[in-house]
Amino acid sequence: MDAKKDEVTWRSLPRKDQLAILCFLRFAEPVVSISLLTYLFYQLQSLDPTLDSGAVVRQVAYMQTSFMLSQCFSSMFLGRLADSHRGGRKPVLLLGVAGSLIGCVSFGFITNFKQALALRILEGLVNGNVATIRTMVSEVVAEKRYQPHAFLLLPISFNVAAMFSPLMAGQLADLAGKYPEKFGNNAFLKAWPYAPPALLSGFFLLIAFGAVFFFLEETLEPLKDRYDPGIAFTRKVSAMIFGRKIPSASRVAQEEASHEEMSRMIADDPEAAEERDSEEHPEWLKPAKPQRILPLKRMFTRNMCLTLVAYAIQEYHITTYNTLWTSFLSDPVDTKNQARLPFFFSGGAGMKPDRIMWSLFIVGVMGLPTQLFIYPRINRRLGTLKMWRTFMMGMPLLYFIIPYIAAAPSTKAPPAGKEGFWVWFLIVLAQVLMVGTSTFVVPAQLVLTNLSSPHPSALARTHSSAFLLTGLVRSTTSSIAGVVYSYGSSHNITGLVWWIASAVAAVGCLNSRIVKEGNGHEIWLTGDTE
Numbered sequence: 010m011d012a013k014k015d016e017v018t019w020r021s022l023p024r025k026d027q028l029a030i031l032c033f034l035r036f037a038e039p040v041v042s043i044s045l046l047t048y049l050f051y052q053l054q055s056l057d058p059t060l061d062s063g064a065v066v067r068q069v070a071y072m073q074t075s076f077m078l079s080q081c082f083s084s085m086f087l088g089r090l091a092d093s094h095r096g097g098r099k100p101v102l103l104l105g106v107a108g109s110l111i112g113c114v115s116f117g118f119i120t121n122f123k124q125a126l127a128l129r130i131l132e133g134l135v136n137g138n139v140a141t142i143r144t145m146v147s148e149v150v151a152e153k154r155y156q157p158h159a160f161l162l163l164p165i166s167f168n169v170a171a172m173f174s175p176l177m178a179g180q181l182a183d184l185a186g187k188y189p190e191k192f193g194n195n196a197f198l199k200a201w202p203y204a205p206p207a208l209l210s211g212f213f214l215l216i217a218f219g220a221v222f223f224f225l226e227e228t229l230e231p232l233k234d235r236y237d238p239g240i241a242f243t244r245k246v247s248a249m250i251f252g253r254k255i256p257s258a259s260r261v262a263q264e265e266a267s268h269e270e271m272s273r274m275i276a277d278d279p280e281a282a283e284e285r286d287s288e289e290h291p292e293w294l295k296p297a298k299p300q301r302i303l304p305l306k307r308m309f310t311r312n313m314c315l316t317l318v319a320y321a322i323q324e325y326h327i328t329t330y331n332t333l334w335t336s337f338l339s340d341p342v343d344t345k346n347q348a349r350l351p352f353f354f355s356g357g358a359g360m361k362p363d364r365i366m367w368s369l370f371i372v373g374v375m376g377l378p379t380q381l382f383i384y385p386r387i388n389r390r391l392g393t394l395k396m397w398r399t400f401m402m403g404m405p406l407l408y409f410i411i412p413y414i415a416a417a418p419s420t421k422a423p424p425a426g427k428e429g430f431w432v433w434f435l436i437v438l439a440q441v442l443m444v445g446t447s448t449f450v451v452p453a454q455l456v457l458t459n460l461s462s463p464h465p466s467a468l469a470r471t472h473s474s475a476f477l478l479t480g481l482v483r484s485t486t487s488s489i490a491g492v493v494y495s496y497g498s499s500h501n502i503t504g505l506v507w508w509i510a511s512a513v514a515a516v517g518c519l520n521s522r523i524v525k526e527g528n529g530h531e532i533w534l535t536g537d538t539e
């Protein structure tokens with residue numbers, strides 16, 4: 010009976026209201042970035058129709074790299090601000106959402122590439138919300154047994170955004186060009202063809218900003234009792250609507266005066282005073298002692314460094330996949346070079362966007378039920394560390410087989426895009442492996458990173474350090490992957506970039522054997538309590 014009671018389920022998660030806000034924010038921000046990538050190539054091309062496709066691709070790469078690098082440069086500052094008594098988690102989130110909202114809406118009305126680049130840099134500089142959200146999840150759900158479920162909500166939110174945003178952007182971008190009979194005479198849509206998806210994305214961010222401002226509670230321990238105008242307004246409105254009375258300042262003062270008078274009356278009886286103090290002022294009501302801050306030089310313990318290395322390795326091969334998957338499927342079928350299997354062949358699958366869409370749809374359809382129903386059971390059975398190590402071993406195989414989609418026999422003759430059983434068998438196999446590994450590895454990596462923090466005062470800095478490192482890896486990997494892919498294609502070895510990713514993933518498997526599961530409090534400072 011006790012085991013059944015202690016079993017962790019989605020219903021048993023604490024503070025679902027706060028988790029819902031954080032999850033919606035984790036949904037809203039990827040909606041912006043993913044929908045933008047859906048039409049970014051065409052928007053930049055429309056700004057300067059004289060550019061060839063190669064130049065536009067380079068512009069897209071510059072924008073992605075500038076956004077990631079600007080996030081890296083500001084992540085440590087935002088992390089320190091989130092940990093600071095003068096800042097806090099909530100103000101950092103509000104700053105990030107506000108910056109994304111301004112940049113997102115403005116992006117629909119750009120007239121040149123410099124404006125686009127400036128907006129992406131601005132968004133990157135003020136938005137460190139990924140690290141802050143992860144930190145807040147770990148503080149909202151402080152009990153370790155709930156954290157695997159809680160952290161899994163973040164990739165679930167991202168996956169929902171990844172399924173929804175391309176459809177939204179595809180339907181709303183360039184309405185006048187796609188539906189001239191309906192929107193061809195609309196002056197606004199002709200002047201700003203990419204404003205509708207930007208405005209809708211901005212609407213989601215506006216809702217997220219309101220939810221954070223009015224309903225999200227500060228989780229930084231010393232600031233939990235700080236006056237919050239958004240929460241105060243919400244409580245007043247709630248009191249007016251539902252009739253709940255909120256104690257006034259004078260009433261609180263009267264109660265404090267009453268307690269003070271009572272303490273004078275029993276001052277002559279030390280034992281009674283001590284007993285009464287323990288009864289009426291339990292530990293959780295007493296003013297919290299100022300929290301000791303772990304110095305930066307002591308923060309990077311051996312296990313934390315190994316965990317961050319594991320995170321960087323993971324980001325390298327997953328970023329390679331995210332950067333190249335759709336480009337590889339879009340790359341025309343090679344008709345010039347002679348294939349010499351198993352390693353020497355070139356080109357891609359030559360697929361159109363409507364076919365590529367189905368390969369992405371597979372990830373969403375399989376990913377959500379796997380995350381919701383299978384992940385919790387596997388996590389309970391294996392534990393976070395063992396699950397992470399076990400499912401990571403499938404990633405080298407995933408990257409090794411992907412390039413063979415280009416070499417699979419097709420029912421259509423070149424240069425037509427590849428079709429047929431073996432082509433789709435390999436695509437489905439690759440996506441099944443992607444879902445079957447990343448669904449378990451990515452959330453587990455978040456939990457292990459969270460637990461690798463050597464002290465509670467270093468939690469936000471731990472996530473910011475991870476975000477800084479992985480941001481640098483992502484920004485450089487995007488460029489490196491593109492260069493290596495181009496080199497491999499021109500030298501009749503299109504699988505080169507994928508096989509490098511496979512080798513890096515294998516190194517990650519070896520590194521995982523020496524990573525340990527921390528407890529979030531490896532270092533104890535003077536004055537720390539259990």
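In my numbering, the protein residues as written are 10 to 539. All C-beta atoms, glycine included, are put in the ideal place defined by N, C-alpha and C.
Best match in the options for proximity to residue i [C-alpha to C-alpha]
i    : options                   : result
F76  : R98, I30 and L126         : L126
L2   : L333, Q54 and I371        : Residue 2 falls outside the range modelled here, since the chain spans only 10 to 539, and no answer is possible.
A170 : A217, V149, S42 and S93   : S42
M85  : V139, E38 and F118        : V139
I216 : F33, A178 and K395        : F33
Y71  : D57, S487 and V513        : S487
K99  : L407, N346 and F223       : F223
G117 : P157, L209 and T18        : L209
A37  : P23, G211 and W19         : G211
V150 : K187, R95, N459 and L477  : N459
G96  : G392, R235 and G480       : R235
L406 : A515, F353, T379 and A248 : A515
P175 : I509, L369, S147 and S461 : L369
R364 : R349, C314, I436 and P412 : I436
T228 : L28, L181 and W19         : L28
S521 : H94, P39, R20 and T316    : T316
F476 : I414, S79 and S115        : S79
R377 : T59, K199 and G445        : Checking the sequence shown, residue 377 turns out to be Leu, not Arg. Nearest option by C-alpha distance: G445.
T74  : K199, V513 and V482       : V482
I411 : F354, K153 and M375       : F354
The alpha helix (DSSP H) enclosing residue i, as first and last residue numbers
i    : result
P385 : Y384 to L391
P452 : F430 to L460
W507 : L505 to S521
S174 : Q156 to L181
S498 : L468 to S499
P189 : P189 to F192
Q124 : F122 to V135
M402 : It is not in any alpha helix (DSSP H) - M402 carries neither H nor E in the DSSP assignment.
P341 : Where P341 is concerned, there is no enclosing alpha helix (DSSP H), given that its DSSP letter is neither H nor E.
P465 : Looking at the DSSP string, P465 is not in any alpha helix (DSSP H), and its letter there is neither H nor E.
M249 : P238 to F251
E16  : Careful: E16 lies outside any alpha helix (DSSP H) and carries neither H nor E.
F222 : A204 to F224
T141 : N138 to V149
F197 : A196 to A200
Rounded distance between the beta-carbons of residue j and residue i, thought under 8 Å
i    : j    : result
G133 : G105 : In fact, because the Cβ distance is near 10 Å, the residues do not count as touching under 8 Å.
Y48  : A178 : 5 Å
V101 : L87  : 5 Å
N17  : Y155 : Sequence inspection shows Val at residue 17; the Asn mentioned does not correspond to that position. At roughly 6 Å, the Cβ-Cβ gap stays under 8 Å, so V17 and Y155 are in contact.
H500 : T144 : With 8 Å as the limit, H500 and T144 do not qualify as a contact, their Cβ atoms being about 45 Å apart.
S461 : M313 : 4 Å
L103 : F218 : 7 Å
*Does the region 232 to 250 touch the region 109 to 118, meaning 3 or more C-beta pairs lie closer than 8 Å?*
As far as the Cβ criterion goes, the region 109 to 118 does not touch the region 232 to 250, which means the pair count is below three.
_Is it the case that the region 153 to 164 contacts the region 455 to 471, given that we only count it when at least three CB pairs across the two stretches are under 8 Å?_
The answer is yes - the region 153 to 164 touches the region 455 to 471, with three or more Cβ pairs under 8 Å.
*Hey, is the region 423 to 441 in contact with the region 377 to 385, meaning 3+ C-beta pairs nearer than 8 Å?*
By the Cβ rule, the region 423 to 441 does not count as touching the region 377 to 385, because fewer than three pairs are nearer than 8 Å.
*Counting Cβ pairs closer than 8 Å, one from the region 305 to 321 and one from the region 329 to 345, do we hit at least three?*
The answer is no - the region 329 to 345 does not touch the region 305 to 321, with fewer than three Cβ pairs under 8 Å.
_If contact is defined by three or more beta carbon pairs under 8 Å, each pair taking one atom from either stretch, is the region 459 to 472 in contact with the region 409 to 427?_
In the pairwise beta carbon analysis, the region 409 to 427 is classified as not touching the region 459 to 472: fewer than three pairs are separated by under 8 Å.
*the region 422 to 438 touching the region 349 to 365, judged by at least three CB pairs closer than 8 Å*: A contact exists between the region 422 to 438 and the region 349 to 365.
*For the region 492 to 501 against the region 428 to 435, are there 3 or more C-beta pairs whose distance is under 8 Å?*
At 8 Å Cβ cutoff, the stretches do not touch.
*Given 8 Å as the limit, is there contact between the region 401 to 412 and the region 318 to 332, that is, 3 or more CB pairs closer than that?*
Cβ pair count under 8 Å is three or more, so yes.
*Is the region 199 to 207 in contact with the region 45 to 63, if contact means three or more CB pairs nearer than 8 Å?*
These segments touch.
*asked:* My parser needs the alpha helix (DSSP H) runs of 4 or more residues fully inside the region 88 to 117; what are they?
replied: Counting only runs of 4 or more, we get 98 to 116.
*What runs of the alpha helix (DSSP H), each 4 residues or longer, lie entirely inside the region 18 to 89?*
Whole alpha helix (DSSP H) segments, 4+ residues: 25 to 56.
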